């Protein structure tokens, strides 16, 4: 009897220690702070490959440079289920976050922002007041635009649109 209780206790303790806590701490930030590092690290291909969870699959696409047709640039597509992030790497080695759509709750931005987050919790992550256009919020910075789309008061989708020449 004592052995059975001891075994049950060990199983319960082992189960408790393997439970992962997905809650992360956050502090209010401005729109500008968010747009500076939305993923919480410098946006480049190496960092995105290293620091993001879940692990994204990668696909490389070659593109002829529009200014120098003899040169080839590379577009890196990172994807996980319904989410995609695109990086553009020029023939000179410069890298830019080009575009993306995030539709999976496993993909986190800085300040624990993720799909499935309640609208009220989302706005509480920022010191900036937002104006909703329908069920979406846009954060626009120099060469970048993040659109947060809500359905039933939950974050449903994040669109990323960046521009460079």
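In our numbering, the protein residues as written are 16 to 180. Backbone N, C-alpha and C define an ideal beta-carbon position, used for all residues, glycine too. Being a predicted model, the structure only gives us computed values, none of them experimental.
Is it the case that the region 163-178 contacts the region 127-141, given that we only count it when at least three CB pairs across the two stretches are under 8 Å? yes
Can you tell me which of the three DSSP states residue 138 falls into? Helix at residue 138.
Do residue 71 and residue 95 come within 9 Å of each other at the CB atom, strictly closer than that value? yes
Is residue 118 near residue 49, with beta carbons less than 9 Å apart? no
By the three-class DSSP mapping on this structure, what secondary structure does residue 95 have? strand
Would you list the one or two residues that DSSP bridges to residue 121? None, per the DSSP bridge assignment.
Do residue 104 and residue 60 count as a contact pair if the criterion is CB distance below 9 Å? In contact: residue 60 and residue 104 (Cβ atoms closer than 9 Å).
DSSP beta-bridge partners of residue 60: In the DSSP output, where bridge partners are listed per residue, residue 60 has none listed.
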